[in-house]
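Enquirer:
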Amino acid sequence: MTTTASSPLLRVANVTVRFGGLSAVADVSFDVHPGELLGLIGPNGAGKTTLMRSITGVVRPTEGSVSLQGEDITALPIHKRIQKGLALSQQLVKPFRQISVLDNVALAAGAQHTHSPLRALTRLARQNENAIARELLDRVGIAGYADQMPGIQPLGVLKRMEMARALALNPKLLLLDEPLAGLNSKEANALASTIARINQQGMTIVLIEHNLSEVMRICQRLVVLDNGRKIASGAPREVMEQPEVRAAYLGDAAPASEAEPAAEGEHHA
């Protein structure tokens, strides 16, 4: 089943995740429509990472379901979800340091054709994967680093390379887990603009991020979690004006425009 202009690309329906007797996520539901850039936000411990893991298949929901393009993927393993069109750009970038930035992205492009990373890397006919990788590195703004090694690159370049690797999987939905974490304000602003541009080019994106100022600038809609529950969703400015959101996320009742953007990433769900 495929989506139409009015049907959701991703549907999270009444998802609950319990670890022992504790609920990390409690009865959360939301949709993501084709072409959206949706921000999933909340304070540390809100359940964002656990919810993201339930979407990617790292964690199996205790209750509820996850659907992509109208198909229930709740029981599918991670690699099957990737084949269906999910891709995740992770907060902690772990490149293959023995190969170039270009080869890191080409390897992801080749993974569509083989289950073996080694075979993807050693295929004789790699011209197509290399062309895809170069185009994606240009798209994320680091084409000039293609032939360099990732081990000597600053975090900002590695974050963009990680995004290119996710895009190389040709996803229908791109999940970004705190891509701005660890970057200074100038780098964060530039990468957020790149994310917005990729979205404008047609990629549907779900963004987990603590940098409120950039989230407010680029996201079209927000879903806010607190203590595992969804407490708000809607247009960014309207959502951030809600007292419950300000109290939970900002820690006080200050207007959203006065909030200081967080500089560090979340370490726990």
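With the first letter of the sequence shown counted as 1, position 259 gets the number 269 in the working numbering; the numbers rise by one all the way through. Glycine included, every Cβ here is placed at the ideal spot set by N, Cα and C. All figures in this text were calculated on a predicted structure; none of them were measured in a lab.
What separation, rounded to the nearest whole angstrom, lies between the Cα atoms of Leu134 and Ala56?
Expert: Interpretation of Leu134 is limited by its pLDDT of 44, a score under 50 that renders its predicted location unreliable; no figure is taken from the coordinates.
Enquirer: If we ignore side chains and look at the alpha-carbon of each, how far apart do Lys240 and Ser39 end up?
Expert: 8 Å
Enquirer: In the DSSP output, what is Thr214 paired with across the bridge?
Expert: Leu183
Enquirer: Going by CA-CA distance only, name the one from Asn114, Leu98, Gln93, Asn194 that's closest to Pro160.
Expert: Asn114
Enquirer: Going along the chain, which residues of its own chain have a beta-carbon closer than 7 Å to the beta-carbon of Val255, five neighbours each way excluded?
Expert: Here Val255 has Val234, Ile241, Ala242, Val249 as same chain residues with Cβ atoms under 7 Å from its own Cβ, once five neighbours each way along the sequence are excluded.
Enquirer: Take every Cβ of the stretch 145 to 159, pair it with every Cβ of the stretch 100 to 119, and state whether three or more of those distances are shorter than 8 Å.
Expert: yes
Enquirer: Can you round the beta-carbon distance between Thr84 and Ser75 to whole angstroms, since I take them to be within the 8 Å contact cut?
Expert: Contact between Thr84 and Ser75 holds: CB atoms are separated by about 5 Å, below the 8 Å threshold.
Enquirer: Does the separation of the CB atoms of Gly151 and Thr204 fall below 7 Å?
Expert: yes
Enquirer: If I'm right that Val1 touches Val35 with Cβ under 8 Å, what's the distance once you round it to whole angstroms?
Expert: This structure cannot settle anything about residue 1, because the visible part of the chain is limited to 11 through 279.
Enquirer: With distances taken between CB atoms, is the gap from Lys196 to Gly95 smaller than 7 Å?
Expert: no
Enquirer: Let me know if Ala257 comes out buried or exposed under the rule of 16 or more other beta-carbons within 10 Å of its beta-carbon.
Expert: exposed
Enquirer: Within 10 Å of its beta-carbon, does Ala141 have 16 or more other beta-carbons around it, so buried, or fewer, so exposed?
Expert: exposed
Enquirer: Hey, how far is the Cα of Ile92 from the Cα of Gly52?
Expert: 26 Å
Enquirer: Less than 6 Å between C-beta atoms, sequence neighbours within five positions excluded: which residues of the same chain meet that for Arg21?
Expert: Asp41, Ser77
Enquirer: In the DSSP assignment, what are the bridge partners of Leu98?
Expert: Leu185
Enquirer: Which residue's Cα is closest to the Cα of Ser64: Gln108, Pro87, Leu47, Met213?
Expert: Proximity to Ser64 across Gln108, Pro87, Leu47, Met213 peaks at Pro87, based on C-alpha coordinates.
Enquirer: If contacts are defined as beta-carbon pairs under 8 Å, then Arg227 and Ala191 qualify, I think. What distance do you get, rounded to the angstrom?
Expert: No, Arg227 and Ala191 are not in contact; Cβ-Cβ is about 17 Å, not under 8 Å.
Enquirer: Note the first and the last residue of the continuous beta strand (DSSP E) segment covering Leu1.
Expert: Since the first and last residues shown for the chain are 11 and 279, residue 1 lies out of range.
Enquirer: Terminal residues of the continuous beta strand (DSSP E) containing Lys240?
Expert: 239 to 244
Enquirer: Using the three-state DSSP reduction, which class does Ser39 fall into: helix, strand or coil?
Expert: Three-state DSSP puts Ser39 in a strand.
Enquirer: Within 10 angstroms of its Cβ, does Asn180 collect 16 or more other Cβ (buried), or is it exposed?
Expert: exposed
Enquirer: Between the Cα of Leu50 and those of Glu172, Ile208, Leu217, spot the shortest distance and give me the residue it belongs to.
Expert: Leu217
Enquirer: Considering only their Cβ atoms, is the gap separating Gln230 from Leu47 smaller than 7 Å?
Expert: yes
Enquirer: Specify the secondary structure class of Asn209 as computed by DSSP and reduced to three states.
Expert: helix
Enquirer: Would Val103 pass as a contact of Glu172 if the rule is Cβ separation under 7 Å?
Expert: yes
Enquirer: Do Ala206 and Asn221 have their C-beta atoms closer together than 7 Å?
Expert: no
Enquirer: Among all the DSSP beta bridges, which residues are the ones paired with Asp236?
Expert: Arg239
Enquirer: If you reduce the DSSP assignment to three classes, tell me which class Arg63 lands in.
Expert: Under the three-state reduction of DSSP, Arg63 is assigned to helix.
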